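Letter by letter, the sequence shown follows residues 3 to 340 in my numbering.
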Amino acid sequence: MLHFIIVGILVIVMAILTYLGLTGIGLLPVQASAQAIPIDWMFNYQVIAISFLFALIVVPLVYSLIVFRRKKGDTTDAEHIEGNTTLEITWTVIPLFVVIVFAFMGAKSLGDTRRVDPQAMVINVTAQQFAFSFEYPDYGFTSKELYAPVNKQLLLKMTSRDVIHSFWVPEFRVKQDIVPGRFTEYRITPILEGVYKVRCAEVCGGGHAGMRSSVEIVSQERFDNWVKEKQAEALAASQTPEERGQLLATSYGCFGCHSVDGSLLPNGGPSWLGLFGSQVELEDGSTVLVDEAYIIQSVMDPASQVVKGFSPMTFNGTDAGLTDAELADIIAYIMTLK
Ligand SMILES: [Cu+2]
């Protein structure tokens with residue numbers, strides 16, 4: 003009886019130490035999603051069960067090895083035991099009960115992680131060897147990284163162009179396969195701002211290890227700004243240089259001083275109509291051909307060349323921070339004004 007009491011105490015101590023050890027080493031990264039909470043809750047009870055079972059097996063084993071070791075010279079047989087019905091019923095019923103309880107807990111946590119928010123923001127995810135891309139159908143652009151506002155459910159509709167991949171952000175806990183020819187859904191509600199990483203969790207070829215994308219969870223305000231930036235980028239990419247040039251000329255205020263219909267604006271400069279390729283007379287009496295080099299010099303260093311009959315242009319491209327690419331677009335636009 004004394005042995006049972008000692009082993010019982012040792013099992014409890016060992017179970018507690020194992021549990022503290024397992025939780026102390028930080029098995030899990032931060033909880034960055036609402037779904038991580040029920041999953042970690044469930045996981046915690048499993049760690050408790052694991053610690054107890056570990057102690058229940060290892061402690062009696064080691065105790066027996068040490069305490070009941072065969073004495074020197076003792077060659078007698080051990081006692082023969084013919085089964086114990088009470089013990090067998092006990093060790094069948096208790097685990098059965100534990101497994102049923104865990105099944106209920108599992109169903110509950112699964113239900114919590116799958117909870118649907120009808121307001122969820124849809125993002126279409128396409129995986130291919132070896133990258134993810136994220137399309138935002140509500141905003142009309144595609145991004146290489148996943149950017150999302152905090153505290154808002156995301157519904158990722160995922161598909162693959164080639165083989166099976168898997169979407170896994172450890173901080174979100176939930177993992178979902180991405181299968182070609184099929185759409186799989188992944189719901190997540192980020193609750194912690196930060197930069198995480200999605201990694202492919204299904205060996206998908208030679209570049210599998212490098213198949214990662216950044217996942218950035220930000221405030222709603224920063225997300226809105228990012229959307230605006232991305233939309234502007236998408237718009238610029240879909241425009242011709244002439245279209246961009248016209249918009250740039252508007253935003254830099256060129257049209258306050260230059261017309262495009264041949265008229266002269268008060269206190270302005272020459273009209274841009276028919277400007278490109280024409281000959282202009284400068285203040286010093288010389289004549290120059292209007293080509294790209296001349297326009298660049300006129301805008302970036304206005305004092306160097308002043309058109310006869312006009313006061314020098316007060317707009318200075320260099321001071322205004324006009325870039326070479328922007329000026330090239332403006333020139334492309336001026337060239338269309340014939
Ligand atoms: Cu992959």
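Glycine included, each C-beta is placed from N, C-alpha and C at the ideal position. Bear in mind the structure is a predicted one, so any value in this text is a computation, not a measurement.
TODO: Quick one: residues with CB closer than 5 Å to any heavy atom of ligand 1, in chain order, please.
DONE: Spelled out in chain order, the answer is H167, C202, C206 and M213.
Task: Local conformation of A137 per DSSP, three classes - done: Here residue 137 refers to the residue found at position 135 when the sequence shown is read from its first residue. Here residue 137 turns out to be Glu, not Ala, going by the sequence shown. Judged by DSSP in its simplified three-state form, E137 adopts strand.
Task: Closest Cα partner of G196 within the set T289, V32 and Y254 - done: As a first step, residue 196 must be located in the sequence shown, where it is residue number 194. Here the closest residue by C-alpha is V32.
- [ ] Any chance you could list the beta strand (DSSP E) runs of at least 3 consecutive residues sitting entirely within the stretch 140 to 174, in chain order?
- [x] Counting only runs of 3 or more, we get 143 to 145, 148 to 151, 156 to 162 and 167 to 170.
Task: Contact check, E187 vs L148, beta carbons under 8 Å - done: Residue mapping note: residue 187 aligns to position 185 of the sequence shown, counting from 1. Residue mapping note: residue 148 aligns to position 146 of the sequence shown, counting from 1. Against a cut-off of 8 Å, the Cβ pair of L148 and E187 comes out as no contact.
- [ ] With DSSP collapsed to three states, give me the class of M315.
- [x] Residue 315 sits at position 313 when you count from the first residue of the sequence shown. Three-state result, M315: coil.
Open item on the list: Can you tell me where the alpha helix (DSSP H) holding Q90 begins and where it ends?
Closed with: The residue you call residue 90 lines up with position 88 of the sequence shown. The question names Gln, but residue 90 in the sequence shown is Glu. Per DSSP, E90 belongs to the alpha helix (DSSP H) from T87 to T115.
Task: beta strand (DSSP E) segment containing M3, residue limits - done: Within the sequence shown, the letter at position 1 stands for residue 3. Where M3 is concerned, there is no enclosing beta strand (DSSP E), given that its DSSP letter is neither H nor E.
Open item on the list: So, under 8 Å CB-CB, D293 and T320 are touching, yes? Tell me the CB distance rounded to an integer number of Å.
Closed with: Indexing the sequence shown from 1 puts residue 293 at position 291. Indexing the sequence shown from 1 puts residue 320 at position 318. In fact, because the Cβ distance is near 20 Å, the residues do not count as touching under 8 Å.
Task: Buried versus exposed call for G271 [16 or more other C-beta atoms within 10 Å across all chains shown] - done: In the sequence shown, residue 271 corresponds to position 269, counting from 1. Flag for G271 reads buried.
- [ ] Output the boundary residues of the alpha helix (DSSP H) element that contains N46.
- [x] As a working mapping, residue 46 is identified with position 44 in the sequence shown. A38 to V69 is the span of the alpha helix (DSSP H), which, as asked, contains N46.
Task: Limits of the unbroken alpha helix (DSSP H) element including I297 - done: Position 295 of the sequence shown holds residue 297. Residues E294 to M302.
Open item on the list: Can you tell me whether G23 is helix, strand or coil according to DSSP?
Closed with: Locating residue 23 in the sequence shown gives position 21, where the first residue counts as 1. If DSSP states are grouped into helix, strand and coil, G23 belongs with the helices.
Task: Per-residue burial, F6 [other beta carbons within 10 Å of its own, 16 or more giving buried] - done: Locating residue 6 in the sequence shown gives position 4, counting from the first residue. Under this definition F6 is an exposed residue.
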